[in-house]
Amino acid sequence: MTASETKNCLACGKPIKGRVDKKFCDDYCRNNYNNQQKSKGSHSTFVRNINNALLKNRKVLESILPDGEETAKANKDKMQRLGFQFKYLTNIYTTKTGKSYYYCYDYGYLPLDNDWYLIVRKKDDQG
Numbered sequence: 004m005t006a007s008e009t010k011n012c013l014a015c016g017k018p019i020k021g022r023v024d025k026k027f028c029d030d031y032c033r034n035n036y037n038n039q040q041k042s043k044g045s046h047s048t049f050v051r052n053i054n055n056a057l058l059k060n061r062k063v064l065e066s067i068l069p070d071g072e073e074t075a076k077a078n079k080d081k082m083q084r085l086g087f088q089f090k091y092l093t094n095i096y097t098t099k100t101g102k103s104y105y106y107c108y109d110y111g112y113l114p115l116d117n118d119w120y121l122i123v124r125k126k127d128d129q130g
């Protein structure tokens with residue numbers, strides 16, 4: 004690009020001053036443009052809703068497990084009242100003894116008897 008050529012902002016179309024590789028005139032335009040790009044597409048709302056549900060599940064598990072404690076117990080009713088949705092999880096960890104822990108990122112739960120769950124925080128050596 005020569006000195007006489009001008010680039011225009013991808014968001015608002017105004018001429019850009021500054022670095023040669025600059026694409027936006029300011030942070031507002033950059034954020035606005037990127038937000039519009041993210042909102043395009045038929046699956047964006049679907050994906051956003053699932054991500055929100057996963058984050059909510061993580062927050063619920065985190066709220067049940069006290070700081071400094073390795074485990075806690077909660078029943079299904081309590082978890083659901085707090086907004087937990089059992090159908091959303093990020094991974095399953097199966098122990099050598101065959102127990103399956105269901106995780107939402109770094110917090111998980113192990114089903115126990117009578118709709119009770121053991122809430123845990125992921126250990127570094129778990130996959």
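With the working numbering applied, the sequence shown covers 4 to 130. Idealized CB from N, CA, C, for every residue including glycine.
Check                                                                                         : Outcome
DSSP beta-bridge partners of residue 23                                                       : Per DSSP, none; premise fails for residue 23.
Helix, strand or coil at residue 100 according to DSSP, with G and I counted as helix         : coil
Segment contact, 8 Å Cβ cut-off, at least three pairs: the region 44-64 with the region 87-97 : yes
With 16 other Cβ atoms within 10 Å as the buried cut-off, status of residue 4                 : The predicted position of residue 4 is uncertain, since its pLDDT is 48 and thus under 50; no value can be drawn from it.
Rounded C-alpha distance that separates residue 86 from residue 78                            : 13 Å
Beta-bridge pairing of residue 113 - partner residues as DSSP gives them                      : 121
Delimiting residues of the alpha helix (DSSP H) encompassing residue 48                       : 47-67
Alpha-carbon to alpha-carbon, residue 106 and residue 69                                      : 17 Å
Pair within 9 Å by beta-carbon distance, residue 115 and residue 76                           : yes
Option in 12, 71, 122 with minimal Cα separation from residue 23                              : 12
Status (buried if at least 16 other CB within 10 Å, exposed otherwise) for residue 16         : exposed
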